[in-house]
Amino acid sequence: MGAVRPWHIIVLVVVLILLFGAKRLPDAARSLGRSLRIIKAETRGLAEDDVNAKGEAQAGRQPLPQVPDDQPSPLDDPAPQRQHVRDN
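Numbering-wise, the sequence shown is residues 65 to 152 according to the numbering used here.
Listed below in structure tokens is the structure:
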């Protein structure tokens, strides 16, 4: 039960021929094949883009500059913090 038998395939082929006609089936199969090739090429291109982007991201990283303890860090903000006062 649940297995595809040869007569299932024959019935399916007959129904497809009756619905679409013998002339349209090869054209439909050809266009389906082209579409699948395009999808396969695009997904391969996306996968290659991901690999290239990861390689560029790793190569673009640089360590933070080391600052001696007696000097302020260039990342610190030398401006004092401002307090916002609300007027009521």
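Where a beta carbon is used, it is the ideal one built from N, C-alpha and C, also for glycine.
Secondary structure of V115 (DSSP, three-state): helix. Pairing L89 with I81 gives a Cβ-Cβ distance under 8 Å. Bounds of the alpha helix (DSSP H) holding V79 are 70-84.
C-alpha of A111 to C-alpha of D134: approximately 48 Å in a straight line. F84 is positioned such that its CB atom lies no closer than 8 Å to that of A93. Just so you know, the alpha carbons of A105 and Q130 end up roughly 46 Å apart. Only residues of its own chain outside the window of five on either side were considered, and among them none has a CB closer than 7 Å to the CB of V68.
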